[in-house]
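Keeping their order, the protein sequence lines are chains A and B. Start counting the first sequence at 192; every next residue gets the next number (this note's numbering). Start counting the second sequence at 498; every next residue gets the next number (this note's numbering).
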Amino acid sequence: MTDAAISDPAAGRSAPPAGARSLNLPTQWLGVAPFFLFALMFLILPTAYLVLGAFQNDQGEFTLANIYALSQPSILAAYWISIRISLASALLGAFTGLAIAVAIVRGGLPNWVRSATMTFSGVASNFAGVPLAFAFLATLGRLGLVTVLMNTLFGVNIYAYGFNILSFWGLTLTYLYFQIPLMVVIITPAIDGLKKEWGEAAATLGATTWQYWRMVVIPVLWPSFLGTVILLFANAFGAIATAYALTGSSLNIVPILLYAQIRGDVLHNPHLGYALAFGMIFITGLANIFYIWFRTRSERWLK
Amino acid sequence: MKGTRFWAWLTFGIGAAYFFIPLIATIEFSLRMRRGAYSFDAYRVVFGDERFQATFGYSVLVAAFTIVLGVLIVVPTAYWIRLRLPHIRPVVEFITLLPLIIPAIVIVFGYIRMYGSSSPLPFLATTRGTDLLLAIGYATLALPYMYRAVDTGLRTIDVRTLTEAAQILGAGWATIITRVILPNVLIAVLSGAFLTFAIVIGEFTMASLLNRPAFGPYLQNIGANRAYEPAALAIIAFFITWGCMAVIQILSRYAPKSASRPN
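What follows is the structure, given as structure tokens:
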């Protein structure tokens with residue numbers, strides 16, 4: 192933010208006097224033209240194309256019919272289960288990640304625990320997609336190690352108790368494998384930002400540990416915590432590879448429905464496909480607007 | 498204090514169990530191919546599979562193109578914004594964050610509709626065009642990470658002084674970027690490159706919807722048809738990701754910590 196203030200006068204100094212300025216202007220922008228052209232062609236226009244298509248009928252006239260059509264039970268159910276899985280994995284991931292981050296920063300553990308956790312989190316937060324599904328099938332699938340061990344050692348058949356890896360909880364448990372590390376990676380710097388002096392000041396004023404947490408730590412961490420929850424939500428909401436490899440098409444979440452629609456027009460209406468995509472951008476976009484808002488609020492404390 | 502440490506160890510222990518049990522289970526499962534004895538048969542089958550070699554080679558190639566494309570787009574842009582257009586930085590940062598908001602499946606859906614064989618820009622009409630579009634799609638997915646890595650690298654060098662010095666010595670823009678700026682942010686660029694590689698190598702959605710024979714769709718296909726090979730592939734994929742992150746960590750040790758003159 193201070194960049195602009197510092198380098199603007201400097202730019203004025205190195206730039207030629209006013210006469211040449213109008214000649215200089217196009218070359219200024221030429222430097223960033225490839226980037227904007229790329230972003231426009233391969234990010235913004237393709238998305239805009241789908242969004243516009245969501246509000247058009249076959250004749251190209253404006254209509255809201257496609258958006259209304261999203262309310263049919265099967266599509267609504269897909270959105271609902273997607274939102275539930277994303278929310279559950281985001282909240283569980285955020286609280287678990289926060290607990291781990293607090294433990295490694297504030298728990299008085301040896302230094303190697305922290306560096307090992309951070310390194311592992313970097314790896315696990317990127318270990319998603321198809322291989323993650325394989326790992327969980329080998330762990331909690333019908334023939335998975337944990338399933339078999341539970342059965343032979345304790346006589347507990349978790350599948351008889353209604354657990355299934357191809358279900359809401361199965362998928363949520365799998366998503367946590369990249370959600371928790373992502374939370375650890377993002378929230379650890381925020382916990383580092385809690386100054387020691389605040390704890391000492393609170394103690395001097397006679398605050399108990401609980402009061403220090405309730406009145407200092409939680410209010411300071413709250414915006415970045417909530418912001419990260421929203422990021423995790425969007426992260427899970429757009430993911431498809433893990434779910435597809437894990438469940439095939441037996442769990443009807445939105446990305447899988449959209450995948451089937453792109454492959455074979457299963458909804459028998461291309462414009463409904465656009466509306467489905469628009470619904471996804473709408474939800475992740477809304478989540479990220481909140482995220483940006485909370486980020487700007489939390490950054491004030493981390494200076 | 499003693500109580501705190503107990504709870505910290507407990508939290509860490511439970512977390513470690515959740516993260517290590519699936520890895521152990523997957524390794525164990527991948528060794529069970531031969532009946533009654535542990536063996537590396539599954540790995541032997543996987544590495545001997547022609548399609549494994551072909552799809553993995555293809556994905557490595559696409560990843561290399563993606564990295565080159567990402568560097569070509571990001572380095573000059575991030576440099577130019579630091580040097581001349583600091584006021585449009587928020588706009589560029591917002592655009593680089595868009596791939597985190599727009600799911601990959603939506604981006605590729607847009608490509609399929611916009612660049613079909615009957616469109617003005619028929620990327621999808623030819624195989625080479627589709628390959629290129631896949632690399633382009635991957636470059637957009639990697640954009641948030643690549644931009645952040647390069648921008649952090651640029652923050653640690655004095656862009657303005659380096660540029661002026663190079664100009665005084667008679668260097669043109671291409672020379673400045675390739676022979677002055679790029680070597681100075683090489684470590685940052687390499688970090689971005691390895692992160693890009695980790696993201697792209699097993700990517701499923703885009704490759705599958707563009708019908709390219711990449712590693713991600715191959716993994717999915719093996720998962721649907723085989724028992725033990727998927728576990729072996731999961732372990733291989735984990736080590737590839739781990740390798741990329743290890744390289745990034747090692748690189749970060751060589752990165753300069755701050756500029757001689759804070760910018």
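Beta carbons: idealized from backbone N, C-alpha and C, even for Gly.
Is residue i buried or exposed, if buried means 16 or more other CB atoms sit within 10 Å of its CB?
{"i": "tryptophan 577(B)", "result": "buried"}
{"i": "alanine 522(B)", "result": "buried"}
{"i": "arginine 275(A)", "result": "exposed"}
{"i": "histidine 462(A)", "result": "buried"}
{"i": "threonine 658(B)", "result": "exposed"}
{"i": "isoleucine 480(A)", "result": "exposed"}
{"i": "phenylalanine 516(B)", "result": "buried"}
{"i": "aspartate 383(A)", "result": "exposed"}
{"i": "arginine 750(B)", "result": "exposed"}
{"i": "phenylalanine 233(A)", "result": "buried"}
{"i": "isoleucine 356(A)", "result": "buried"}
{"i": "tyrosine 352(A)", "result": "exposed"}
{"i": "alanine 392(A)", "result": "exposed"}
{"i": "alanine 534(B)", "result": "exposed"}
{"i": "leucine 255(A)", "result": "exposed"}
{"i": "asparagine 426(A)", "result": "buried"}
{"i": "threonine 624(B)", "result": "exposed"}
{"i": "isoleucine 747(B)", "result": "exposed"}
Does chain A have any CB closer than 8 Å to the CB of residue i?
{"i": "leucine 629(B)", "result": "no"}
{"i": "proline 727(B)", "result": "yes"}
{"i": "glutamate 590(B)", "result": "no"}
{"i": "glutamine 717(B)", "result": "yes"}
{"i": "glutamine 746(B)", "result": "yes"}
{"i": "alanine 622(B)", "result": "no"}
{"i": "threonine 675(B)", "result": "no"}
{"i": "glycine 669(B)", "result": "no"}
{"i": "proline 573(B)", "result": "yes"}
{"i": "glycine 626(B)", "result": "no"}
{"i": "alanine 505(B)", "result": "yes"}
{"i": "glycine 650(B)", "result": "no"}
{"i": "glycine 720(B)", "result": "yes"}
{"i": "isoleucine 578(B)", "result": "yes"}
Between residue i and chain B, is the shortest Cβ-Cβ distance under 8 Å, so that the two count as touching?
{"i": "phenylalanine 424(A)", "result": "no"}
{"i": "tyrosine 163(A)", "result": "Examination of residue 163(A) is not possible in this model, given that chain A is present from 192 through 494 alone."}
{"i": "valine 337(A)", "result": "yes"}
{"i": "valine 321(A)", "result": "yes"}
{"i": "proline 446(A)", "result": "yes"}
{"i": "phenylalanine 416(A)", "result": "no"}
{"i": "alanine 394(A)", "result": "no"}
{"i": "serine 213(A)", "result": "With a pLDDT of only 46 at serine 213(A), under 50, the local geometry of the prediction cannot be trusted, and no value is derived from it."}
{"i": "glycine 497(A)", "result": "Residue numbering for chain A in the displayed model covers 192 to 494; residue 497(A) lies beyond these limits and cannot be assessed."}
{"i": "alanine 256(A)", "result": "no"}
{"i": "phenylalanine 354(A)", "result": "no"}
Going by DSSP, what residues sit across from residue i in a beta bridge?
{"i": "phenylalanine 253(A)", "result": "Gln247(A)"}
What residues from chain B crowd round residue i, counting only those whose CB sits closer than 7 Å?
{"i": "phenylalanine 318(A)", "result": "Phe735, Thr738"}
{"i": "alanine 260(A)", "result": "Result: empty, since nearest Cβ-Cβ is about 17 Å, beyond 7 Å."}
Using a cut-off of 7 Å between C-beta atoms, extract the partners of residue i located in chain A.
{"i": "leucine 558(B)", "result": "Near leucine 558(B) there are no residues of chain A at all, since even the closest Cβ is about 19 Å away, more than 7 Å."}
{"i": "threonine 501(B)", "result": "Gly298, Gly299"}
{"i": "threonine 552(B)", "result": "Ordered by position in chain A, no residue passes the 7 Å Cβ test against threonine 552(B), which lies about 12 Å from the chain."}
{"i": "threonine 637(B)", "result": "Phe233, Leu234"}
Chain A partners of residue i, CB-CB under 9 Å?
{"i": "phenylalanine 509(B)", "result": "Ile291, Ala294, Ile295, Gly298, Leu300, Val304, Thr308"}
{"i": "glycine 713(B)", "result": "Gly320, Val321, Ala432"}
{"i": "isoleucine 633(B)", "result": "Phe229, Met232, Phe233"}
Show which residues of chain B have a CB atom less than 9 Å away from the CB atom of residue i.
{"i": "proline 368(A)", "result": "What sits at residue 368(A) in the sequence shown is tyrosine, not proline. Residues of chain B passing the Cβ test: Tyr515, Phe516, Pro519."}
{"i": "glycine 251(A)", "result": "Within 9 Å Cβ-Cβ: nothing; glycine 251(A) doesn't reach chain B, min ~14 Å."}
Could you work out which residues of chain B lie near residue i, taking near to mean beta carbons separated by less than 8 Å?
{"i": "alanine 329(A)", "result": "Pro519, Ala522, Thr523, Glu525, Phe526, Ser527, Pro727, Ala728, Ala731"}
{"i": "phenylalanine 485(A)", "result": "Under the 8 Å cutoff, chain B gives no residues; its nearest Cβ is about 14 Å from phenylalanine 485(A)."}
Whose Cβ in chain A lies nearer than 8 Å to the Cβ of residue i?
{"i": "methionine 742(B)", "result": "Thr310, Gly313, Val314, Asn317"}
{"i": "alanine 706(B)", "result": "Reading off the sequence shown, one finds leucine at residue 706(B), where the question assumed alanine. Within chain A, the residues near leucine 706(B) are Tyr450, Ile453, Arg454."}
{"i": "isoleucine 570(B)", "result": "Pro225, Phe226, Phe229"}
{"i": "isoleucine 678(B)", "result": "Within 8 Å Cβ-Cβ: nothing; isoleucine 678(B) doesn't reach chain A, min ~12 Å."}
Quick one: does the C-beta of residue i sit closer than 7 Å to a heavy atom of the ligand ADP?
{"i": "threonine 365(A)", "result": "Ligands displayed in this structure: none; no statement on the ligand ADP is therefore possible."}
_Please list, in chain order, the residues of the segment 592-620 of chain B that have any C-beta partner in chain A closer than 9 Å._
Ile592, Thr593, Leu594, Leu595, Pro596, Leu597, Ile598, Ile599, Pro600, Ala601, Ile602, Val603, Ile604, Val605, Phe606, Gly607, Tyr608, Ile609, Arg610, Met611, Tyr612, Leu618
_Give me the subset of the segment 683-704 of chain B whose CB atoms are less than 8 Å from a CB atom of chain A, sorted by chain position._
Leu692, Ala695, Ile696, Gly699, Glu700, Phe701, Thr702
_Short of 7 Å Cβ to Cβ, which residues in the segment 237-248 of chain A face chain B?_
Pro237, Thr238, Tyr240, Leu241
*Please list the residues of the segment 514-528 of chain B that have a C-beta atom closer than 8 Å to any C-beta atom in chain A, keeping them in chain order.*
Tyr515, Phe516, Ile518, Pro519, Leu520, Ile521, Ala522, Thr523, Glu525, Phe526, Ser527
_Contact set between the segment 468-482 of chain A and chain B, restricted to residues whose Cβ is under 7 Å from the partner_ = Ala468, Met471, Ile472, Thr475, Gly476, Asn479
*Which residues, in order along the segment 219-239 of chain A, keep a beta-carbon less than 7 Å from a beta-carbon of chain B?*
Gln219, Gly222, Val223, Pro225, Phe226, Phe229, Ala230, Phe233, Leu234, Leu236, Pro237, Thr238
*At a Cβ cut of 7 Å, what residues of the segment 384-409 of chain A count as close to chain B, listed as they run along the chain?*
none
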